[in-house]
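Number of protein chains: 2
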Amino acid sequence: MLLKVGELAKRTGLTVRALHHYDDIGLLTPSARSDSGYRLYNGDDVTRLYRIQALQRLGFALAEIGDMLAGSGPALPGLIAQQIAALDGQIEQALVLRARLQQLQRRLATDTEPTLADWLTALELMTMYEKYLTQQQADILRQRKAELGEQYDADWRALTDRVRALIDAKVPAQSAEAQALAQQWTSHTQRLVHGDEDLLIKLDTMQRHEPALQSHNGIDAAVIDYVSQAMTEARLPIYAKYFDADEVERLRGNFRRHMPEWPTLVGAVRRAMDSGLAPDHPEAQALGARWQALSHATFCTDEPAMRGKFMQAVKSEPDLLLNTGIDRALLDFVIATQSH
Amino acid sequence: MLLKVGELAKRTGLTVRALHHYDDIGLLTPSARSDSGYRLYNGDDVTRLYRIQALQRLGFALAEIGDMLAGSGPALPGLIAQQIAALDGQIEQALVLRARLQQLQRRLATDTEPTLADWLTALELMTMYEKYLTQQQADILRQRKAELGEQYDADWRALTDRVRALIDAKVPAQSAEAQALAQQWTSHTQRLVHGDEDLLIKLDTMQRHEPALQSHNGIDAAVIDYVSQAMTEARLPIYAKYFDADEVERLRGNFRRHMPEWPTLVGAVRRAMDSGLAPDHPEAQALGARWQALSHATFCTDEPAMRGKFMQAVKSEPDLLLNTGIDRALLDFVIATQSH
DNA sequence: GGTGGAGCCTCACGTCGCGTGAGGGTCAAG
DNA sequence: CTTGACCCTCACGCGACGTGAGGCTCCACC
Numbered sequence: 004m005l006l007k008v009g010e011l012a013k014r015t016g017l018t019v020r021a022l023h024h025y026d027d028i029g030l031l032t033p034s035a036r037s038d039s040g041y042r043l044y045n046g047d048d049v050t051r052l053y054r055i056q057a058l059q060r061l062g063f064a065l066a067e068i069g070d071m072l073a074g075s076g077p078a079l080p081g082l083i084a085q086q087i088a089a090l091d092g093q094i095e096q097a098l099v100l101r102a103r104l105q106q107l108q109r110r111l112a113t114d115t116e117p118t119l120a121d122w123l124t125a126l127e128l129m130t131m132y133e134k135y136l137t138q139q140q141a142d143i144l145r146q147r148k149a150e151l152g153e154q155y156d157a158d159w160r161a162l163t164d165r166v167r168a169l170i171d172a173k174v175p176a177q178s179a180e181a182q183a184l185a186q187q188w189t190s191h192t193q194r195l196v197h198g199d200e201d202l203l204i205k206l207d208t209m210q211r212h213e214p215a216l217q218s219h220n221g222i223d224a225a226v227i228d229y230v231s232q233a234m235t236e237a238r239l240p241i242y243a244k245y246f247d248a249d250e251v252e253r254l255r256g257n258f259r260r261h262m263p264e265w266p267t268l269v270g271a272v273r274r275a276m277d278s279g280l281a282p283d284h285p286e287a288q289a290l291g292a293r294w295q296a297l298s299h300a301t302f303c304t305d306e307p308a309m310r311g312k313f314m315q316a317v318k319s320e321p322d323l324l325l326n327t328g329i330d331r332a333l334l335d336f337v338i339a340t341q342s343h
Numbered sequence: 004m005l006l007k008v009g010e011l012a013k014r015t016g017l018t019v020r021a022l023h024h025y026d027d028i029g030l031l032t033p034s035a036r037s038d039s040g041y042r043l044y045n046g047d048d049v050t051r052l053y054r055i056q057a058l059q060r061l062g063f064a065l066a067e068i069g070d071m072l073a074g075s076g077p078a079l080p081g082l083i084a085q086q087i088a089a090l091d092g093q094i095e096q097a098l099v100l101r102a103r104l105q106q107l108q109r110r111l112a113t114d115t116e117p118t119l120a121d122w123l124t125a126l127e128l129m130t131m132y133e134k135y136l137t138q139q140q141a142d143i144l145r146q147r148k149a150e151l152g153e154q155y156d157a158d159w160r161a162l163t164d165r166v167r168a169l170i171d172a173k174v175p176a177q178s179a180e181a182q183a184l185a186q187q188w189t190s191h192t193q194r195l196v197h198g199d200e201d202l203l204i205k206l207d208t209m210q211r212h213e214p215a216l217q218s219h220n221g222i223d224a225a226v227i228d229y230v231s232q233a234m235t236e237a238r239l240p241i242y243a244k245y246f247d248a249d250e251v252e253r254l255r256g257n258f259r260r261h262m263p264e265w266p267t268l269v270g271a272v273r274r275a276m277d278s279g280l281a282p283d284h285p286e287a288q289a290l291g292a293r294w295q296a297l298s299h300a301t302f303c304t305d306e307p308a309m310r311g312k313f314m315q316a317v318k319s320e321p322d323l324l325l326n327t328g329i330d331r332a333l334l335d336f337v338i339a340t341q342s343h
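As given, the protein sequences belong to chains A and B, one line each in that order.
Numbering follows this note's numbering, in which position 334 of the first sequence is assigned residue number 337; successive positions increment by one, without gaps.
Numbering follows this note's numbering, in which position 51 of the second sequence is assigned residue number 54; successive positions increment by one, without gaps.
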């Protein structure tokens, strides 16, 4: 019994166009044509089509189905496992998306009629939080921001403007004004992070890597660099407890030149850690070498005397690592790269 | 500050090609071009791009994003709800697919190295079960089939072959041979369904509507029709308890002509019921009218005397509805269409 | 034998969000 | 003056068909 396309289409619930397509791509070629060129499908064709449909309902692509029916290609169990894995990925993605949308929906319901612009800004912030913070941290931040109110943002803007003014006026970072601002900067930050060093590091990373955020709150690379320079200067009195005056002057000079290179390196190391890179991996080794070189240049750790005093200082003064993005885990990682 | 494509791309994590694409479709047109034709993006462009990205991360299509940013189109809350609904659909679909694949995986693990052909046959059956039966029913069926073993399938094939032989030999359905086969047919069916009328109806529907199944087990429309004719004939003795001999002969003649039309109508009514059609909907009304006309033609229910006897018979003999695909709910639906 | 309608044929473009060249200008550094 | 990085504009490709356009075939009915 030979079927024409329309008949086969009716029998299988497909469209005529789909059957044409299968013919085009060679997935199901009718075994015969009538004199007038009509496609004629025999029983074997029909059987093949049923199988095609069955495999299609499992989510396989037409090309894959073709391979499977040709007996070539990888074995079925593997394909199925692969298919399941792909589906799991899809499902997870969809669930994440769904959660995002729902959160947004809730906030839309509570907020007092936000404008489109507000709304989009909130949205951007949300996706950024999601990228850099854990769910918990994002929740904490949102709550604290709500508690602090709009005045807090205004304070930041004022502070940032004053920093920028100092930069424009070329006031050096070790000036009293700069020191005072850096002081305020730290206390403002603490109002948000409440001493949570991990949160602080992540926010710092976010601020450094998200131009969208930078243009939103005006805290760009220049401001960040200036403030961290000032903070660095603020650390010099602490070093003075361990080094003599000449050495402190050397350190100051080194800091001026090399401190701006640290955040980049610290960020690179942290990314390496987070991506699970092994300390003996060549890339990690390279980072370790960079770290050592920069240490030498900044703290003169290539000179045994200086190195000893430096180690002593760092060990005795945990505050020296504050606001640097460096924590115990990161230091351990770096040490591990160098012990290989 | 004006950015070139590459710079903007780096800042946003997009590719240059994507930005070209946004320009092509008018989603993000750079506010300026350099003399040499380079795209130049200003701050507003960058802001717009951040918003585009934020909305994209929510799963909106570029065209939708364009509409949203243009302020036209429907309001955001509605769009979000819609988006969530769409996602829910996707997730559900993916979960169903996943379940299918896992079931298959389990069976692949237990079965003794099936050939590709066996495997695909099982797959077809599985998807068919899924389409017509509830999960429970499918499980029950699978278990019973496993208990009955291969002999059961062989019995069916033998029975079907004998039916086909009668058809080819043009042996009438009221013959003793046909009656005997119909008898066996029923008992064979019962070995599988164990008196579950709902399951029986669904299997019947499946067998009638799935050419794949028909060509698989050889039970096609001709066989079904012949067997149901024989079953119909088998019912005549029951009617004889309520009608006199002449009337029974009239019924026999009517049955011969009109009984084959019933399954189609019953199927149509059931689909209408299942799709939640209201009995006073025009389409339901039309079905009711068809039902009445076919009743008149088959059972002479337009003649008051015949109608009375018929109602009496149906009420007293529930067996008359056996194997017809008609149950109480369906009758109620039909009656409801006619009371409007 | 003509006509009408259903069904068949073969192009061929559109979908969606870009990837991936091809072929050729622009710009700053050496 | 070259080199290399970056930019430009086409334009095809993907996947599974949908949707015509323009024309042929078949069958029933007049």
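A virtual CB, placed ideally from N, CA and C, is assigned to each residue, including glycine.
Quick caveat: nothing in here was measured; it's all calculated off a predicted structure.
Proximal residues of chain B, C-beta to C-beta of residue i below 7 Å
i: threonine 130/A; result: Ala57, Arg60
i: leucine 1/A; result: Residue 1/A falls outside the range modelled here, since chain A spans only 4 to 343, and no answer is possible.
Partner residues on chain A for residue i, Cβ-Cβ distance less than 7 Å
i: alanine 215/B; result: Tyr53
i: leucine 254/B; result: By Cβ distance, chain A contributes nothing, its closest Cβ being about 34 Å from leucine 254/B, past 7 Å.
C-alpha distance - residue i paired with residue j, whole-angstrom precision
i: glycine 221/B; j: alanine 157/B; result: 12 Å
i: glutamate 2/A; j: glutamine 193/A; result: The structure shown does not extend to residue 2/A, since chain A spans only 4 to 343, so no value can be given for it.
i: arginine 42/B; j: threonine 50/B; result: 16 Å
i: arginine 54/A; j: isoleucine 329/B; result: 33 Å
i: glutamine 186/B; j: alanine 12/A; result: 36 Å
i: glutamate 200/A; j: isoleucine 241/A; result: 20 Å
i: methionine 344/A; j: isoleucine 338/A; result: For chain A, the structure presents residues 4 to 343; residue 344/A sits outside this window and is missing.
i: valine 272/B; j: isoleucine 83/B; result: 38 Å
i: leucine 111/B; j: glycine 46/A; result: 27 Å
i: lysine 318/B; j: proline 214/B; result: 35 Å
i: alanine 181/B; j: arginine 253/B; result: 21 Å
i: glutamate 10/B; j: methionine 234/A; result: 31 Å
i: methionine 314/B; j: glutamate 320/B; result: 10 Å
i: leucine 128/B; j: glutamate 153/B; result: 16 Å
i: glutamine 288/A; j: threonine 301/A; result: 20 Å
i: serine 278/B; j: phenylalanine 63/A; result: 29 Å
i: threonine 304/B; j: leucine 107/B; result: 51 Å
i: leucine 100/A; j: leucine 65/A; result: 28 Å
i: glycine 81/B; j: leucine 123/A; result: 16 Å
i: leucine 61/A; j: glycine 92/B; result: 17 Å
i: threonine 113/A; j: histidine 284/B; result: 42 Å
Nearest to residue i (by Cα), restricted to the options the options
i: alanine 332/A; options: Gln140/A, Gln182/A, Val269/A, Tyr245/A; result: Val269/A
i: threonine 208/B; options: Ile241/B, Asp223/B, Ala161/B, Leu123/B; result: Asp223/B
i: tryptophan 188/B; options: Asp228/B, His219/B, Ser34/B; result: Asp228/B
i: serine 39/A; options: Lys7/A, Ala12/A, Val166/A, Gly29/A; result: Lys7/A
i: isoleucine 88/B; options: Ala102/A, Gln85/A, Ile87/A, Leu90/A; result: Looking at the sequence itself, residue 88/B is alanine, so the reference to isoleucine does not match. Of Ala102/A, Gln85/A, Ile87/A, Leu90/A, the residue nearest in Cα terms is Ala102/A.
i: leucine 104/A; options: Ile241/B, Leu254/B, Gln59/B, Ala172/B; result: Gln59/B
i: histidine 299/B; options: Arg14/B, Arg211/B, Asn257/B, Ala97/B; result: Asn257/B
i: proline 266/A; options: Asp283/A, Ser231/A, Ile338/A, Glu306/A; result: Ser231/A
i: arginine 165/B; options: Val226/B, Ile204/B, Leu206/B, Leu126/B; result: Val226/B
i: threonine 18/A; options: Ala35/A, Ser34/A, Leu5/A, Gln56/A; result: Gln56/A
i: arginine 36/A; options: Asp27/A, Gly29/A, Leu5/A; result: Leu5/A
i: aspartate 48/A; options: Leu72/A, Met309/A, Ala78/A; result: Leu72/A
i: alanine 296/A; options: Ile204/A, Ala308/A, Glu264/A; result: Glu264/A
i: arginine 260/A; options: Glu236/A, Thr118/A, Tyr44/A, Glu306/A; result: Glu236/A
Residue i: contacting residues in chain A (beta-carbon distance under 8 Å)
i: arginine 101/B; result: Ile87, Leu90, Asp91, Ile94
Proximal residues of chain A, C-beta to C-beta of residue i below 9 Å
i: glutamate 127/B; result: Tyr53, Arg54, Gln56, Ala57
Short-range partners of chain B found in the segment 289-308 of chain A, where Cβ spacing is below 9 Å:
Legend: CB atoms of the segment 289-308 of chain A lying less than 9 Å from CB atoms of chain B are not found in any residue.
Looking at chain A, which residues of the segment 139-168 of chain B have a Cβ within less than 8 Å of any of its Cβ atoms?
For the segment 139-168 of chain B, which is checked against every Cβ of chain A, not one residue is closer than 8 Å.
Evaluate contact between the segment 316-326 of chain A and the segment 16-33 of chain B, counting only Cβ atoms and requiring at least three cross-stretch pairs below 8 Å.
In short, these stretches do not touch, since the Cβ pair count stays below three.
Would you be able to state if there are at least three C-beta pairs under 8 Å between the segment 127-141 of chain B and the segment 168-176 of chain B?
The answer is no - the segment 127-141 of chain B does not touch the segment 168-176 of chain B, with fewer than three Cβ pairs under 8 Å.
The segment 286-294 of chain B / the segment 238-248 of chain B touching (three or more Cβ pairs under 8 Å):
Touching, no, given that fewer than three Cβ pairs across the two stretches are closer than 8 Å.
Quick one: which residues of the segment 74-97 of chain B get their C-beta closer than 9 Å to a C-beta of chain A? List them in chain order.
Close to chain A, meaning a Cβ-Cβ distance shorter than 9 Å, are the following residues of the segment 74-97 of chain B: Gly74, Leu79, Pro80, Ile83, Ala84, Gln86, Ile87, Leu90, Asp91, Gln93, Ile94, Ala97.
For the segment 20-51 of chain B, which residues have a CB atom closer than 9 Å to at least one CB atom of chain A, in sequence order?
So the close ones are Gly46, Val49, Thr50.
Under 8 Å (Cβ pairs) to chain B, residues found in the segment 208-241 of chain A
Flagged, chain order: Pro214, Ala215, Ser218.
The segment 4-17 of chain A: which residues have C-beta closer than 7 Å to a C-beta of chain B, in chain order?
When CB distances to chain B are screened at a threshold of 7 Å, the residues of the segment 4-17 of chain A falling below it are Arg14, in chain order.
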